[in-house]
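What follows is a single structure, written as structure tokens, with notes after it.
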Amino acid sequence: MKVSEFISPDDEKEIVEAIKEAELNTSGEIRVHIEHKCTGDRFDHALEIFEKLEMHKTELSNGVLIYVSIDDHQLVILGDKGINDVAPKGFWESTKDEIISQFKSGNYKQGLINGVLEAGKQLKKHFPYQSDDTNELNNEISKG
Numbered sequence: 006m007k008v009s010e011f012i013s014p015d016d017e018k019e020i021v022e023a024i025k026e027a028e029l030n031t032s033g034e035i036r037v038h039i040e041h042k043c044t045g046d047r048f049d050h051a052l053e054i055f056e057k058l059e060m061h062k063t064e065l066s067n068g069v070l071i072y073v074s075i076d077d078h079q080l081v082i083l084g085d086k087g088i089n090d091v092a093p094k095g096f097w098e099s100t101k102d103e104i105i106s107q108f109k110s111g112n113y114k115q116g117l118i119n120g121v122l123e124a125g126k127q128l129k130k131h132f133p134y135q136s137d138d139t140n141e142l143n144n145e146i147s148k149g
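Right, here's the structure in full:
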């Protein structure tokens, strides 16, 4: 499946809007990366993407990457050190569940939107939005 079959350009716009909406609740930064195939260990690969996108350069180390490999049916939700230092075990389970439940029905766009919005809610608990918050990372979906 091509990325364009997984999500259309219009779907992509809606997902980016969900990222913007989610980030109104939190000082955290959310990115989505979609590619066809994961090379090697999915967590190691997601970490490579995380670093390539310079997500580790946020002031509070509170970036989160939602990584999807279409052909391999892989999903990784990767939070930066600031999140991992304060988040309890299973912090991303509700986000993962939102995404997977929609993906199983073929609702890829809605799965990503629901996941992004849930990630924003989860981040708000530890990283609430600050009035002087700036968008530190690009909201566009990256593709591999």
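Per my numbering, the sequence shown runs over residues 6 to 149.
The C-beta atom is built at its ideal place from N, Cα and C for all residues, glycine as well.
Everything numeric in this text was worked out from a predicted model, so none of it was measured.
*Any idea what DSSP makes of S106, helix, strand or coil?*
Counting from 1 along the sequence shown, the entry for residue 106 is found at position 101. Reduced to three states, the DSSP call for S106 is helix.
*For N67, does the count of other Cβ atoms within 10 angstroms reach 16, so buried, or fall short, so exposed?*
Taking the sequence shown and counting its residues from 1, one reaches residue 67 at position 62. So N67 ends up on the buried side.
*With distances taken from CA atoms, which of L65, L58, I39 is nearest L128?*
Within the sequence shown, residue 128 is the residue found at index 123, counting from 1. Of L65, L58, I39, the residue nearest in Cα terms is L65.
*asked:* List, from N- to C-terminal side, the alpha helix (DSSP H) runs of 4 residues or more that fit wholly inside the stretch 60-118.
replied: 86-91, 98-109
_With H, G and I counted as helix, E and B as strand and the rest as coil, what does DSSP make of H38?_
Position 33 of the sequence shown holds residue 38. In the structure shown, H38 sits in a strand (DSSP, three-state: E or B).
*Once you ignore the five residues that flank W165 on each side, which residues in its own chain have a CB closer than 6 angstroms to its CB?*
With the chain represented from 6 up to 149, any question about residue 165 goes unanswered, as that position is not in the structure.
*Does the separation of the CB atoms of D16 and K114 fall below 8 angstroms?*
The residue given as residue 16 occupies position 11 in the sequence shown. The residue given as residue 114 occupies position 109 in the sequence shown. Going by C-beta atoms, D16 is nearer than 8 angstroms to K114.
*Backbone CA spacing between T32 and N140 [nearest angstrom]*: Along the sequence shown, read from residue 1 onward, the residue named residue 32 stands at position 27. Along the sequence shown, read from residue 1 onward, the residue named residue 140 stands at position 135. Going by the sequence as given, residue 32 is Ser instead of Thr. Answer to the nearest angstrom: the Cα atoms are 8 angstroms apart.
*Would you check if there are 3 or more beta carbon pairs closer than 8 angstroms linking the stretch 118-137 to the stretch 23-39?*
yes
*Run the CB neighbour count on H38, radius 10 Å, all protein chains shown included, and call it buried at 16 or more, exposed below.*
Looking up residue 38 in the sequence shown gives position 33. The residue is buried, with at least 16 neighbouring Cβ atoms inside 10 Å.
*asked:* Excluding the 5 residues flanking D138 on each side, which residues of the same chain have their C-beta closer than 6 angstroms to its C-beta?
replied: Along the sequence shown, read from residue 1 onward, the residue named residue 138 stands at position 133. Once the five neighbours on either side are set aside, the close Cβ partners of D138 are S32.
_Assigned exposure category for S151 - 16 Cβ within 10 Å defines buried_ = The structure shown does not extend to residue 151, since the chain spans only 6 to 149, so no value can be given for it.
_According to DSSP, K148 sits in a beta bridge with which residue or residues?_
Indexing the sequence shown from 1 puts residue 148 at position 143. Answer is I39.
*asked:* If distances are taken between C-alpha atoms only, which option among K130, N112, G149, N144 comes closest to F11?
replied: In the sequence shown, the residue the question calls residue 11 occupies position 6. Selected option, being the one with the closest Cα: N112.
*Check whether H131 and V91 have beta carbons under 8 angstroms apart*: Taking the first residue of the sequence shown as 1, we reach residue 131 at position 126. Taking the first residue of the sequence shown as 1, we reach residue 91 at position 86. Contact flag set, yes.
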